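Number of protein chains: 2
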Amino acid sequence: MARSDTDGKPGVGRARTITDLARLAGVSAGTVSRALAGNSLVNAKTRDRIQELARDHGFQLNRVASNLRRQKTGVIGVVIPLGHDRRQQVSDTFFMTLLGHLADALTEEGYDLMLRRVIPDHDGDWLDRFIGSGMIDGVIVIGQSDQFARIEEVAARYRPMVVWGNREPGQVHCAVGSDNRLGGQLAARRLIEGGATHLAFLGDPEPIEFAARYAGARDAAEAAGVPIDVYPTHLSPDRMAGEITAHIDTIVGRANGIFAATDTLAVAALRELRERGVAVPGRMRLVGFDDLPISAQTMPPLTTVHQDIAAGARGLVDLLLRRIAGEDAASLVMPPALVARDTA
Amino acid sequence: MARSDTDGKPGVGRARTITDLARLAGVSAGTVSRALAGNSLVNAKTRDRIQELARDHGFQLNRVASNLRRQKTGVIGVVIPLGHDRRQQVSDTFFMTLLGHLADALTEEGYDLMLRRVIPDHDGDWLDRFIGSGMIDGVIVIGQSDQFARIEEVAARYRPMVVWGNREPGQVHCAVGSDNRLGGQLAARRLIEGGATHLAFLGDPEPIEFAARYAGARDAAEAAGVPIDVYPTHLSPDRMAGEITAHIDTIVGRANGIFAATDTLAVAALRELRERGVAVPGRMRLVGFDDLPISAQTMPPLTTVHQDIAAGARGLVDLLLRRIAGEDAASLVMPPALVARDTA
DNA sequence: ATGAAAGCGCTAACAG
DNA sequence: CTGTTAGCGCTTTCAT
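Residue numbers (the working numbering), protein chains in the order written: chain A, 106 to 449; chain B, 106 to 449.
See the structure below:
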C-alpha cells in the first residue's frame, strides 16, 4: 500500500477522476470541469495548466458521468429491425454500405454510433427500449421491415427519429429513401422498350420497399399491356440460391424480361442464366436495383436503378440533427436513376 | 390541447424514473430496482406487481445512470482505424461483412455495439480516448492498419481488447485472423501448379495483412524459381479502377498469373481482363483472397482463398468476453483454405 | 475567476 | 424481505 503512486508513465501516475486532477492542480473540481470544457470563464493560465496536467496524467473524461449529468450522450442509435427475413439485411451489401456511410457522416458531426440489431418478433418493445435507454440522443432506423405500424406509433411521440425506407401517403414518421415506385417504373419501362413482352419480378414482395418497386413495375407493365409475374425470392444467402434455381426454368419458359428487386438478386440470376446458356440481353433482358459496386463488374455489366447511398446517409443524418435541434424536418424522397449498361 | 394526459396507452401516464414507480407502487426505490432486476430477495408478489406497473407505465430503466453506478455498460466498442488508405476499409465488403457478424455475435451475448471510425493521423490518442471514455466494457479493433505499435503499447496495460488482424512473432496484443502468409502460399502455389511462370501481386503491400499475403506468395514463387512483381493498388473505389487499368497492360505483357490481395481487387481485374479479351484462365490465371459472396458469382467463378468471417467474428467475441472475465486468452490464427473454382 | 453544493437516476451495502 | 443511505463522476447554478 505504501507507494502505489507512480505507474511508469512519463508524467507520473494516472489521474482517473476530475477530482484527482483538481487536487493535483490545487483547484476545485468545478474549475477543472470548466477548464477541460474550454469554458472562457476560467483564467487562461489555469486553463492551460490544467489541460497540460490532464495530458501528462493520461486523464480521460468519464463520459458516462458526463452524459448522466448533461442528459445527453453524443451517441446516435442505429437499429436494424430483422422482420420477415431474419438474416436478410445484415448480409445485404446495400445495408452494410449504407451503414458505412452513416458512420462517416455521424463521425463528421461529432457523434458516436451505437448499432443494434433486433428481431421484433422476439421483442415487441424494440424501439421503445432503445429510445428509453437514455444512451442515445436520437435514432436512425434502417429499413421499415414489417414494422411500419410500430414505427408510426413511436413517431407520434418521439421526434428525434429518422427512418431509411419508403414514404407512404400520410405517414407521420420522417423517412429518407428512394422513390421505389418510380424506380420500378423506370426498370420495367426499360425492359419493355427493349422488346420484352412478358415480365418477371424476382424478389420478396412483402417488405414495403420491394412492394413499391413491384407496384411501379406493374404500373409500367399495365400501361403497356404486358403481363408480369412475381417469383418470391429471399435475400438471405442460404435461401436465395436455391430459390432462384427453382424459379429460373419457369421464368425462362414464360418471360423475356426480369426485374430483380435488388442487384444482389440480379447478379445471382445473371449467373444462373449464363450457366444455362440463356443469352443476356439477347434472349432475356435483366434490370436490377441499387447500383452496387459489383454491378458494374458483372459480365455483361448490369443495367440497374441507381440509389445514391452516400447522399441518403447524409440526408438521414442532416434530418436527424435538425430534429434533435427541435426543428420539424420532413421526409426526403430521392429520385432514382436508370443506369443503362448491357443487360437491358 | 385540452386533455394531453392520457396518451393512448392503456395503463396511463409514463413513469420516467424508478422513483416515480416507487411512489406508484408504494415502496422504496431500492425495492423497485431489485424487483426489476429480478432479484430473488424481493417478494414474488411485489416483484410481479412492480413489473406489471413498469409495463403499464411504459417505464424504461435509464441505462446511463445504471452504467455509472455499476461501473460497466454492456457495450463493446468496435473501432476501425483508417491509417494509410482512408476510405479503404469502410467500403471494403470484407470489413462490412465482419462487422455484420460481430453485431450478430455480440447481440447474442447481450452486448450492444458502439462503432467508431478513427483517423489516427488526426487523433494520436484514438485508442486511449475510446477506452477511457467509460462507455465501453471492452474493445474490438478491426484491422491493425499502420497502428501496430500503438496497439501493442495499449495492450500492455489494458486487457479487454482483441484485434482482427495478423499475428506477429512475440506480439503482446490478442489477435484473431487468418494465417495470411499461408494463404498467400496457397494462392501462389495454385497459380504455379496451373502453369503460371511469372506472377503479379495486385494490391497495396503496406498494410501488414497484405504484406503477409505477399510474403507467402513470394515464399512459393521463390521455391519454384518463379518471378513475382508487385503492382501497388488501393482498395478505395475511386482509386482502384484507375490503378488497375494503369497496371493491366504491363501485367498481361509480363505475367501469366495474378494473385490479388482481395477478391474486390480480383473481381475488378477479372473484368478488365475479359474486356480486353484476355482468356481467363487460359491466357491469365487469377486467384483472389477472402471468398466473398460475389466471388462465386463472377464469370468464370473466382478461385480464391477462403476466410471464415463468421468464425472470425465469433472468435473475436469469445476471446474478448473471456478477457473481460479476467482470463488471459491468447491469439487465434485461423487456417485459410483454397477454394478452387474456375479462374485458376 | 473560483469554490461550494446540489443532484442527474440508479444500485448496493447496511440495518433492521 | 424492505427501507435508508451513500455514492458512481461529472456539470452547473449560486455565491463570493
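Where a beta carbon is used, it is the ideal one built from N, C-alpha and C, also for glycine. Note that the structure is a prediction, hence the values are computed from the model and not measured.
Delimiting residues of the beta strand (DSSP E) encompassing residue i
| i | result |
| --- | --- |
| M439(A) | L437 to M439 |
| T409(B) | T408 to H411 |
| I185(A) | V180 to P186 |
| I245(A) | G243 to I247 |
| S283(B) | A280 to S283 |
| D334(A) | I333 to Y336 |
| D423(B) | Looking at the DSSP string, D423(B) is not in any beta strand (DSSP E); the run it does join, the alpha helix (DSSP H), is I414 to I429. |
| V268(A) | M266 to W269 |
| A134(B) | Per DSSP, A134(B) belongs to no beta strand (DSSP E); it is in the alpha helix (DSSP H), A134 to L141. |
| D444(B) | Here residue 444(B) turns out to be Val, not Asp, going by the sequence shown. Per DSSP, V444(B) belongs to the beta strand (DSSP E) from A442 to V444. |
Short CB-CB distance (under 7 Å) between residue i and chain A
| i | result |
| --- | --- |
| E181(B) | According to the sequence as given, residue 181(B) is Ile; it is not Glu. False, the Cβ-Cβ gap to chain A never drops below 7 Å. |
| P274(B) | no |
| V169(B) | yes |
| L425(B) | no |
| A208(B) | yes |
| N285(B) | no |
| A120(B) | no |
Residue i: contacting residues in chain B (beta-carbon distance under 7 Å)
| i | result |
| --- | --- |
| Q165(A) | D233, R234, G237 and S238 |
| Q402(A) | V372, A373 and R376 |
| T212(A) | R222 |
| P398(A) | P342 |
| A129(A) | Here residue 129(A) is Leu; the residue named in the question, Ala, does not match the sequence. Those within 7 Å of L129(A) in chain B number zero; the least Cβ separation is about 17 Å. |
Proximal residues to residue i (C-beta, below 7 Å), its chain only, five neighbours per side dropped
| i | result |
| --- | --- |
| H206(B) | I414, A415 and A418 |
| A373(A) | M345, A346 and I349 |
| S133(B) | A127 |
Interface residues of chain B facing residue i [CB-CB closer than 8 Å]
| i | result |
| --- | --- |
| L218(A) | M219, L220 and R221 |
| T178(A) | V169 |
Min CB distance residue i to chain B below 7 Å
| i | result |
| --- | --- |
| V195(A) | Confidence is the limiting factor: at V195(A) the pLDDT is only 45, short of 50, which leaves the residue's position unreliable and the question unanswerable from this model. |
| P342(A) | yes |
| T124(A) | no |
Contacts that residue i makes with chain A (C-beta to C-beta distance below 7 Å)
| i | result |
| --- | --- |
| G347(B) | The contacting residues do not exist; G347(B) stays about 14 Å from chain A at best. |
| I363(B) | Under the 7 Å cutoff, chain A gives no residues; its nearest Cβ is about 15 Å from I363(B). |
| L173(B) | V169, A170 and L173 |
Unbroken alpha helix (DSSP H) run spanning residue i, endpoints
| i | result |
| --- | --- |
| V169(B) | R168 to R175 |
| G205(A) | T198 to E213 |
| F235(A) | W231 to G237 |
| D129(B) | Residue identity differs from the one stated: residue 129(B) is Leu in this sequence, not Asp. Unbroken alpha helix (DSSP H) run through L129(B): I123 to A130. |
| Y319(B) | I313 to A329 |
| L158(A) | A149 to D161 |
| A305(B) | From DSSP, A305(B) is part of no alpha helix (DSSP H) but of the beta strand (DSSP E) over L304 to L307. |
| R255(A) | F253 to A260 |
| V223(B) | Element bounds for V223(B): not the alpha helix (DSSP H) but the beta strand (DSSP E), D217 to V223. |
Amino acids of chain A, ordered along the chain, whose beta-carbon sits closer than 9 Å to that of residue i
| i | result |
| --- | --- |
| R379(B) | M404 |
Neighbourhood of residue i by C-beta distance below 8 Å, restricted to the same chain and skipping five residues each side
| i | result |
| --- | --- |
| I241(A) | T178, V180, I181, G182, M219 and F235 |
| L129(A) | A120, L158 and H162 |
| L375(A) | V385, L391, T403, L407 and T448 |
Own chain residues within Cβ distance below 6 Å of residue i, not counting five before or after
| i | result |
| --- | --- |
| L141(B) | none |
| G362(A) | L296, A301, L304 and R390 |
| I356(A) | A305 |
Complete runs of the beta strand (DSSP E) confined to the segment 343-404 of chain A [at least 3 residues]: Here the runs fully enclosed are 362-365 and 390-395.
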